[in-house]
Amino acid sequence: MLPAEPFRPKRADWLQAGVVAAGLFALYAATAPRTVALEDDGFFILSSYFLGIEHPPGYPLFTLIGHLFTYLPFGSVAYRVHLASALFGALTGGAAWLCARALIDGRLPAYLTAFALGVSPVFWSQAIIAEVYTLNTFFFLVLVFMALQACPPSAPAPASPVAHPAASRMLPWMALVFGLSLSNHYPLTLLVAPAFVILLWPLRRELLSHFGLLSWLVILGLLPYAWMVRRSWQALPISFNGPLETIQEILFFVSRAGYAGIDHSVSAGWLDRVRFFEFLGGELLRQFALVGTLLAVAGFVVQWRLLGRRAAAFLTVAFLMPSAVLLLLLGFDYDSFRAHVFQVYPLPAYAVCALWMGLGFAWAVQRYARRPSHAAAAAAALLALIFAFGARINLVAADDWGARYAHAVLKAWEIRTSPPLPIST
């Protein structure tokens, strides 16, 4: 099931990944709200427009990227920043295609993997508003692809005294991308980091011998945080905590210490965790319309034989860390609001599920399909089903409820704060 030779993308492969990205970007651009939406959308739009400081830990990289999108010559400012998320959502699809090609022989499973992730309900919802999660998932899959290039699943387990040239090229880029990912959403990035230790284990000598250079490249990727601190000293229209002037203030802000009472509620117990696990299970069934989830289960089972223990262990840990392990680390009280907040955190795990689904599909086709046309029809039917699940909540181009609500609140505030009418005597 693995490619006969380690996958090295050629021009045609890059073009096909680009086609996936272009198709998804067109979908996201067509379905993104033209004005402000709900969740943190308004906050990220304002931060991007004014180069302000977001809520902890600040998300400085997305703020800088979002600001560039505010200069687009069309649409509202809100829509322009939405397109930043759309772009990285689309690029995530292209990266998923490349990752699937590196793990699975054949292009059809790669297309299924990429488009299934792209139109899954939660990922699609984050690709059409101003949020950091498509950028985070993009970085995750880029790191996966580069790690597979540096150390393919077929690479020998023992460390080689001489690293493959691909490893020497890829590791510095991985260090830089890892640092940039930390500048976007470091909690989720650090959660999946242990999985890469497993995948890159054959290169441990190479990593240790270049530890100094790689560390400096990670620090280079963290420079947006230095910009954020410096920017906070200015008088800004929007700045969550105001000036960050001391080491204690910076650490308090970046470490998200202000959320400690929410992340670890004193009233949360094991029953809350059980209910969150039930919620996570339901979400896994919903993201890939049950049929795709069952294929992902098949992919999880056969990966140990088809991909080898190292790649299979990597995918398993990368799935568990931002889903099950995160639930054990968090101390949320379970309610519908916090479940809605949590549902976006496992997006890297959903990306792994999409890869498992592609692997399970390839295994099923090899075992049961009689003609290539049957496999293509089955993939198209599954994608149509997943698309239907995603479209139920994400066809929101005309949605302006958030904007109308904000206008109503402002109008009510103006009425309440206007000078009182004189009382005649």
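Counting in our numbering, the sequence shown runs from 125 upward without gaps.
Each residue gets a CB set at the ideal place from its N, CA and C atoms; glycine is no exception.
This structure is a prediction, so every number in the text was calculated from the model and none was measured.
- At least 8 angstroms separates the beta-carbon of L368 from that of F174.
- Ranked by Cα distance from L188, the options F131, I169, P446 are led by I169.
- Assignment of alpha helix (DSSP H) within the region 399-476, counting only whole runs of 4 or more residues, yields 415-430, 433-444, 450-453, 460-466 in chain order.
- Per DSSP, the unbroken alpha helix (DSSP H) holding Y257 starts and ends at 257-274.
- Proximity to G416 across I374, L332, L507 peaks at L507, based on C-alpha coordinates.
- Considered as a whole, the region 202-251 harbours 232-243, 245-250 as its complete alpha helix (DSSP H) runs of no fewer than 4 residues, in chain order.
- Of all alpha-carbon atoms in F186, L151, A532, V398, the one lying nearest the alpha-carbon of W248 is that of L151.
- At a Cβ-Cβ threshold of 8 angstroms, I510 and V243 count as neighbours.
- Excluding its 5 nearest sequence neighbours in each direction, A153 has C-beta neighbours in its own chain below 8 angstroms: L207, A210, listed in chain order.
- Comparing C-alpha distances from V520 to each of V144, I253, S391 shows the shortest one belongs to I253.
- Shown here, H334 sits in coil according to DSSP, grouped into three states, outside any helix or strand.
- No Cβ-Cβ contact shorter than 8 angstroms links P184 with Y310.
- In this structure the region 455-469 does not lie against the region 317-328, because fewer than three pairs of beta carbons, one per stretch, are closer than 8 angstroms.
- The region 381-393 and the region 433-449 do not touch, with fewer than three beta-carbon pairs separated by less than 8 angstroms.
- Residues P446, S447 of the same chain have their beta carbon placed closer than 6 angstroms to that of P470, with the five preceding and five following residues left out of the count.
- Between F513 and A413, the C-beta spacing is below 8 angstroms.
- Contact check for P233 against F485 passes: the beta carbons are separated by less than 8 angstroms.
- Assignment of I253 by DSSP, reduced to helix, strand and coil, places it in the coil class.
- Per the DSSP secondary-structure output, S363 pairs in a beta bridge with I177.
- Here L327 really is in contact with C275; their C-beta atoms are around 5 angstroms apart, less than 8 angstroms.
- Beta-bridge annotation (DSSP): H388 is paired with G455.
- Sorting F167, L312, S200, S497 by C-alpha distance to the C-alpha of A473 places L312 at the top.
- Taking C-beta atoms as the reference points, L324 and A271 count as a pair closer than 8 angstroms.
- Annotated three-state conformation of F485 is helix, per DSSP.
- Secondary structure at D164: coil, using DSSP grouped into helix, strand and coil.
- Annotated as proximal: A478 and A220, with beta-carbon spacing under 8 angstroms.
- The region 432-439 and the region 211-218 do not touch, with fewer than three beta-carbon pairs separated by less than 8 angstroms.
- If you compare the alpha carbons of L431, L162, G382 with that of A527, the shortest gap goes to L162.
- It is roughly 8 angstroms from the alpha-carbon of L265 to the alpha-carbon of A475.
- Per the coordinates, the alpha-carbon of R329 lies some 20 angstroms from the alpha-carbon of V268.
- Note on geometry: alpha-carbon atoms of S172 and H191 lie some 4 angstroms from one another.
- Counting C-beta atoms within 10 angstroms of its own C-beta, Q140 has 16 or more neighbours from the protein chains shown and is therefore classed as buried.
- Per DSSP, R132 lies in no alpha helix (DSSP H) segment and is marked neither H nor E.
- By the CB criterion at 8 angstroms, R429 and I322 fall outside the cutoff.
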